[in-house]
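In this text, residue positions in the sequence shown follow the working numbering: the first is 2, and each later residue adds one.
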Amino acid sequence: MPKPIVFIDSGIGGLPYCKDFMGKNPQEEICFIADRQNFPYGPRSKDEVTNILISLIEKILITFEPKIIVLACNTATVSALVPLRKHFPGIPFVGTVPAIKPAAAASKTGKIGLLGTERTIEDPYNQEIINNIGTGCEIIAIAAPDLVEFVEHRLEKADGAEKEKIVKKYIDLFRAKNADTLVLGCTHFLHLIDEFRREASFIPTLMIFESMDGITKRIEYLLNENNLRTGEENAKPSHKLIVTGNEKPDSYWIFHAQMPGFRLSLLCDI
Ligand code: DGL
2 MPKPIVFIDS GIGGLPYCKD FMGKNPQEEI CFIADRQNFP YGPRSKDEVT NILISLIEKI
62 LITFEPKIIV LACNTATVSA LVPLRKHFPG IPFVGTVPAI KPAAAASKTG KIGLLGTERT
122 IEDPYNQEII NNIGTGCEII AIAAPDLVEF VEHRLEKADG AEKEKIVKKY IDLFRAKNAD
182 TLVLGCTHFL HLIDEFRREA SFIPTLMIFE SMDGITKRIE YLLNENNLRT GEENAKPSHK
242 LIVTGNEKPD SYWIFHAQMP GFRLSLLCDI
């Protein structure tokens, strides 16, 4: 039996990443875990996020026997990737981190905008990257918990004007601080990538950075390196979307489960 690749986020944030990977690797079986029971991760401490993920992954390993686990969440990655790799040495992990490095390489003003959760922007990871590459760039970090909530709870119903308004609010904040690069450091924001690109296009100097393509390539690399690819002959993927907690499969999840090949499974206790 081919084993699945498990993507984890606190909610729908990781879905664009998952879709990108699935589109390029249709033979691989996917299990997407939206940990809504613990949403949002952003206001939690590093230890809290780590403990949540350790207990979630213990269940995931027993129930799904994944061949790779993708933390499709910046907050989870900056908080817990290192301890998770230590705790589960037998399983390859892929993490999602803010694309600070390419942004620093492209920046002319030396001011890098970073939009993420409270936890992600306060993590030393971002400054360490800047220190390591030694460009002396300044990170202008803004936490956007309202944007995370918006994507998680309103996206399905919001019209174009509402999406534009909330995205513009943040673009204006970065523009006022002279940032010429904006790193989308929360996977939830990828649901609004078109809106971010459109608003940024009115400011010729502002470039948007995200890490979706890099994550897909990293998973592909691990599949190849570790000989974990599902052969075409075995490929009959039956993807699963799992939501933790006690929610009913309402229109929200049906909307998001409309990804090709997904079967909506709601597990309150994996
Ligand atoms: N999607 C998550 C990220 O990339 C965070 C959302 C949350 O606060 O739970 O950081």
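No residue lacks a Cβ here, since even glycine has one placed at the ideal position from N, Cα and C.
Output needed for residue i: all residues of its chain with C-beta closer than 7 Å, excluding positions within five of it in sequence on either side, in chain order.
i, result
"CYS74", "ILE9, ASP10, SER11, GLY14, GLY15, TYR42, THR97, THR188"
"THR206", "ASP181"
"PRO28", "With the sequence shown as reference, residue 28 is identified as Gln, and Pro is not the correct amino acid for it. Hits under 7 Å: THR231, GLU233, ALA236, PRO238."
"SER273", "The first residue shown for the chain is 2 and the last is 271, placing residue 273 beyond what the model contains."
"LYS164", "LEU193, GLU196"
"ARG198", "ILE209"
"GLU211", "ALA100, LEU185, LEU191, ILE194"
"VAL50", "TYR42, THR76, ALA77, SER80, ALA81, ARG120"
"PRO103", "PHE210"
"GLY91", "none"
Can you check DSSP and say which residues form a bridge with residue i?
i, result
"MET208", "THR182"
"ASP10", "ALA35"
"ALA144", "GLY117"
Does the separation of the CB atoms of residue i and residue j fall below 9 Å?
i, j, result
"LEU242", "LYS68", "no"
"PHE94", "LYS4", "no"
"VAL184", "LEU115", "yes"
"ILE172", "ALA201", "yes"
"ALA145", "THR118", "yes"
"ILE63", "ILE6", "no"
"ALA77", "GLY186", "no"
"LYS178", "ILE204", "no"
"ASP21", "ILE209", "no"
"ILE134", "ALA106", "yes"
"ASN272", "GLU248", "With the chain covering 2 to 271 only, the question about residue 272 has no answer from this structure."
"PHE175", "LEU148", "no"
"THR136", "GLY111", "yes"
"PHE33", "CYS19", "yes"
State yes or no: is the beta carbon of residue i nearer than 9 Å to at least one beta carbon in chain B?
i, result
"ILE63", "Within the model displayed, chain B is absent; a lone protein chain is all it includes."
With a threshold of 8 Å (Cβ to nearest heavy atom), would residue i be considered close to the ligand SAH?
i, result
"VAL149", "Among the ligands in the structure shown, the ligand SAH does not appear; only the ligand DGL can be found there."
Skipping 5 residues on each side, what residues in its chain have a beta carbon closer than 6 Å to that of residue i?
i, result
"VAL1", "In the structure as shown, the chain starts at 2 and stops at 271, and residue 1 therefore has no counterpart that could be examined."
"PRO44", "GLU119"
Going by beta carbon distance, what residues of the same chain come within less than 8 Å of residue i, once the five residues before and after it are set aside?
i, result
"HIS192", "ILE13, GLY14, LEU16, PRO17, VAL152, LEU156"
"ASP214", "ASP21"
"LEU223", "ILE69, PRO93, VAL95, LEU229"
> Taking one C-beta from the region 44 to 64 and one from the region 83 to 98 each time, how about it: are there three or more such pairs within less than 8 Å?
Replying inline: Because the criterion of three Cβ pairs below 8 Å is met, the region 44 to 64 and the region 83 to 98 touch.
>> Extract the residue ranges of the beta strand (DSSP E) inside the region 32 to 97, only unbroken runs of 3 or more that lie entirely within it.
In response: Scanning the region 32 to 97 from its first residue to its last, the whole beta strand (DSSP E) runs of 3-plus residues come out as 69 to 72, 94 to 96.
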